[in-house]
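Chains as they are written, first to last, in this note's numbering: chain A, 307 to 587; chain B, 583 to 728.
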């Protein structure tokens with residue numbers, strides 16, 4: 307059963323018994339490209355809209371993860387999934403043919419971590435024998451919904467990040483082989499007054515710092531106890547700010563263990579179009 | 583100790599790479615000038631073909647609009663504008679691109695609610711306030727000048 311330790315953290319135990327990730331062309335050309343289970347070279351993935359393309363990637367990652375866990379969709383008791391499109395259509399259209407009970411999440415860049423946390427909770431407290439966690443994002447769909455049309459002639463600022471065309475999914479169970487989820491801390495909204503919509507890393511860094519500090523405090527651990535402390539998509543600017551904030555606000559030296567997925571996904575030197583790093587759900 | 587909003591603002595500015603001001607200004611100057619030169623060139627061409635001045639004043643902007651719309655549709659305009667910046671944004675070419683690009687982007691949502699409803703999502707404010715300003719100045723002109 308989950309046990310509350312400290313003010314912000316829940317101690318529990320769940321195992322990720324299967325996982326899959328699929329991505330687009332830019333992601334495949336990045337340093338993690340060979341780790342992808344499937345690559346979609348065309349941005350439309352053979353579909354008529356960017357939204358449908360995102361759904362296709364989402365469904366692919368989800369079915370692959372369930373298969374790699376050695377299960378069928380019928381054996382998944384709860385599915386926690388989300389994306390950033392209106393009404394989570396990336397997720398709901400992906401989940402439509404699979405028939406799993408779906409809990410839709412809208413956590414923006416934190417969606418995958420949130421889904422993993424919820425799935426781990428469900429599995430650990432016995433609410434589900436097996437739970438799935440999934441998310442997706444698509445560069446073109448995100449630009450269309452939140453920024454400008456693709457053919458619009460605007461300039462990207464140096465702090466702008468590149469929304470990943472990718473989807474990821476995991477299956478969690480109480481027992482099995484795979485990485486464990488041992489404890490979770492849910493983040494708070496930390497608004498430091500950043501108004502630049504093209505500097506998302508700077509807007510998110512304070513919340514990342516707050517969550518990491520709470521987790522380390524509640525679990526009684528130090529940064530050096532970990533091989534890696536990963537953030538989702540702070541990018542180059544947000545990562546720099548996180549390290550400074552952690553030092554100033556919590557006295558934590560994260561530099562040696564901190565990695566950011568948005569910086570791992572692309573090679574900022576050769577893939578210059580991605581700007582300050584990747585972003586995604 | 584919590585970092586204050588002002589201090590964070592300073593930290594943010596220090597870690598955010600600045601825009602390339604000089605390069606952007608130069609690119610905008612050259613490309614904006616090139617668009618104007620193209621307009622002049624077209625004007626001279628139409629004059630040589632025998633078009634009257636009134637007709638040329640209509641033909642030149644229409645030609646530039648058509649050209650930007652075509653380049654937008656071919657997927658070239660955004661690549662040019664990424665370098666040219668304000669040099670392509672400020673002239674009438676930018677306006678054409680701002681209408682055609684959402685029209686293309688939202689075509690997947692249908693002719694009416696997609697292309698029709700969304701094509702002015704960027705240019706809409708310019709049209710609304712431009713028309714309002716024109717009406718206002720018209721009234722002022724009537725009352726004061728005449």
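For each residue, glycine too, the CB sits at the ideal point set by N, CA and C. Computed from a prediction, not measured in an experiment: that's the story for all the values here.
Can we say the stretch 426-444 of chain A touches the stretch 375-394 of chain A, given the rule of at least three CB pairs closer than 8 Å? Taking a cut-off of 8 Å on C-beta distances, the stretch 426-444 of chain A touches the stretch 375-394 of chain A, as three or more cross pairs fall below it.
Residues of the stretch 355-378 of chain A in Cβ contact with chain B at a cutoff of 7 Å, in chain order, please. Against chain B - using a Cβ distance shorter than 7 Å - the residues of the stretch 355-378 of chain A are 355.
Within the 8 Å Cβ cut-off, does residue 546 of chain A reach chain B? Start at 1 with the first residue of the first chain, and residue 546 of chain A comes out as number 240. Yes, its Cβ sits closer than 8 Å to a Cβ of chain B.
Return the residues of the stretch 631-649 of chain B that lie within a Cβ-Cβ distance of less than 8 Å from chain A, sorted by chain order. none
Helix, strand or coil at residue 372 of chain A [DSSP, three-state]: Residue numbering aside, residue 372 of chain A sits at position 66 when the first chain is read from its first letter. Note: residue 372 of chain A maps to helix in three-state DSSP.
Return the residues of the stretch 701-716 of chain B that lie within a Cβ-Cβ distance of less than 8 Å from chain A, sorted by chain order. 704
Would you mind sorting residue 619 of chain B into buried or exposed? The rule is 16 or more other CB atoms within 10 Å of its CB. In the second chain, the residue the question calls residue 619 of chain B occupies position 37. Residue 619 of chain B is exposed by the Cβ-count criterion.
Kindly say whether residue 729 of chain B, judged by its beta-carbon, lies nearer than 8 Å to any beta-carbon of chain A. Residue 729 of chain B lies beyond the stretch modelled for chain B, which goes from 583 to 728, so this question has no answer here.
Report yes or no: do the stretch 544-556 of chain A and the stretch 501-521 of chain A share at least 3 C-beta pairs separated by less than 8 Å? Under the Cβ criterion (8 Å, minimum of three pairs), the stretch 544-556 of chain A counts as touching the stretch 501-521 of chain A.
Could you check what DSSP says for residue 500 of chain A in three-state terms: helix, strand or coil? Within the first chain, the letter at position 194 stands for residue 500 of chain A. Residue 500 of chain A: coil per DSSP, three-state reduction.
Would you mind stating whether residue 457 of chain A and residue 515 of chain A have Cβ atoms separated by less than 8 Å? Position 151 of the first chain, counted from the first residue, corresponds to residue 457 of chain A. Position 209 of the first chain, counted from the first residue, corresponds to residue 515 of chain A. Going by C-beta atoms, residue 457 of chain A is not nearer than 8 Å to residue 515 of chain A.
Per DSSP, what kind of secondary structure is residue 269 of chain A in: helix, strand or coil? Coverage of chain A is limited to positions 307 through 587, which leaves residue 269 of chain A absent and any answer about it impossible.
How is residue 440 of chain A classed by DSSP in three states: helix, strand or coil? As a first step, residue 440 of chain A is located in the first chain; it is residue number 134 there, counting from the start. It is a strand residue.
Could you tell me which chain A residues have their CB closer than 7 Å to the CB of residue 597 of chain B, listed as they occur along the chain? Counting from 1 along the second chain, the entry for residue 597 of chain B is found at position 15. Correct list: 543, 546 and 547.
Could you tell me the distance, in whole angstroms, from the CA atom of residue 699 of chain B to the CA atom of residue 687 of chain B? Taking the second chain and counting its residues from 1, the one referred to as residue 699 of chain B is at position 117. Taking the second chain and counting its residues from 1, the one referred to as residue 687 of chain B is at position 105. In a straight line, the C-alpha of residue 699 of chain B is about 12 Å away from that of residue 687 of chain B.
Any Cβ of chain B within less than 8 Å of the Cβ of residue 508 of chain A? Mapped onto the first chain, residue 508 of chain A falls at position 202. Residue 508 of chain A counts as touching chain B.
Name the two residues that bound the continuous beta strand (DSSP E) containing residue 309 of chain A. On the first chain, residue 309 of chain A is found 3 positions in, with the first residue counted as 1. Unbroken beta strand (DSSP E) run through residue 309 of chain A: 309-311.
Distance cutoff 8 Å, beta carbons only. Does residue 457 of chain A sit that close to anything in chain B? Translated into the one-based positions of the first chain, residue 457 of chain A becomes position 151. Yes, because at least one Cβ of chain B sits closer than 8 Å to the Cβ of residue 457 of chain A.
I'd like the span of the alpha helix (DSSP H) that includes residue 637 of chain B, first residue to last. As a first step, residue 637 of chain B is located in the second chain; it is residue number 55 there, counting from the start. According to the DSSP assignment, residue 637 of chain B belongs to the alpha helix (DSSP H) that extends over 635-655.
Limits of the unbroken alpha helix (DSSP H) element including residue 516 of chain A: Indexing the first chain from 1 puts residue 516 of chain A at position 210. Residue 516 of chain A -> alpha helix (DSSP H) spans 506-525.
Identify which residue in B/591, B/658, B/672 and B/594 has its Cα closest to the Cα of residue 617 of chain B. Stepping through the second chain from its first residue, residue 617 of chain B is reached at position 35. The option with the nearest alpha carbon to residue 617 of chain B is B/672.
Taking its Cβ as the centre, do 16 or more other Cβ atoms sit within 10 Å of residue 517 of chain A, making it buried, or is it exposed? Indexing the first chain from 1 puts residue 517 of chain A at position 211. Result: buried.
Name the DSSP beta bridge partners of residue 566 of chain A, please? Reading the first chain from its first residue, position 260 is the one you call residue 566 of chain A. Partner(s): A/537.
Look at the alpha carbon of residue 485 of chain A and the alpha carbon of residue 323 of chain A, and state the distance between them as a whole number of angstroms. Within the first chain, the letter at position 179 stands for residue 485 of chain A. Within the first chain, the letter at position 17 stands for residue 323 of chain A. C-alpha separation (whole angstroms): 8 Å.
Looking only at its own chain, which residues have a Cβ that is under 8 Å from the Cβ of residue 655 of chain B, when we skip the five neighbours before and after it? Start at 1 with the first residue of the second chain, and residue 655 of chain B comes out as number 73. Here the set comprises 682 and 686.
Is the stretch 492-503 of chain A close to the stretch 387-398 of chain A, with three or more CB pairs under 8 Å? no
Identified DSSP bridge partners for residue 479 of chain A: Here residue 479 of chain A refers to the residue found at position 173 when the first chain is read from its first residue. According to DSSP, which records beta bridges pairwise, residue 479 of chain A is partnered with A/321 and A/436.
Please report whether the beta-carbon of residue 498 of chain A lies at a distance below 8 Å from any beta-carbon of chain B. Position 192 of the first chain, counted from the first residue, corresponds to residue 498 of chain A. True, the Cβ-Cβ gap to chain B drops below 8 Å.
Test: residue 397 of chain A CB closer than 8 Å to a CB of chain B: For the purposes of this step, residue 397 of chain A is taken as the residue at position 91 of the first chain. False, the Cβ-Cβ gap to chain B never drops below 8 Å.
C-alpha gap between residue 353 of chain A and residue 362 of chain A, whole angstroms: The residue labelled residue 353 of chain A in the question sits at position 47 within the first chain. The residue labelled residue 362 of chain A in the question sits at position 56 within the first chain. Roughly 8 Å between the two C-alpha positions.
Tell me whether residue 315 of chain A sits in a helix, a strand or coil according to DSSP, three-state version. Along the first chain, one-based indexing puts residue 315 of chain A at 9. Note: residue 315 of chain A maps to strand in three-state DSSP.
Contiguous alpha helix (DSSP H) assignments of at least 4 residues, all confined to the stretch 390-424 of chain A: 395-401
In whole angstroms, give me the CA-to-CA distance for residue 466 of chain A and residue 590 of chain B. For the purposes of this step, residue 466 of chain A is taken as the residue at position 160 of the first chain. For the purposes of this step, residue 590 of chain B is taken as the residue at position 8 of the second chain. Roughly 18 Å separates the two Cα atoms.
Starting from residue 682 of chain B and walking both ways along the alpha helix (DSSP H), at which residues does that stretch end? The residue labelled residue 682 of chain B in the question sits at position 100 within the second chain. Start and end: 674-687.
Under 8 Å between C-beta atoms, does residue 332 of chain A make it to chain B? Your numbering for residue 332 of chain A matches position 26 in the first chain. By this cut-off, residue 332 of chain A is not an interface position.
Anyone know if the C-beta pair for residue 405 of chain A and residue 379 of chain A falls short of 8 Å? Here residue 405 of chain A refers to the residue found at position 99 when the first chain is read from its first residue. Here residue 379 of chain A refers to the residue found at position 73 when the first chain is read from its first residue. Against a cut-off of 8 Å, the Cβ pair of residue 379 of chain A and residue 405 of chain A comes out as a contact.
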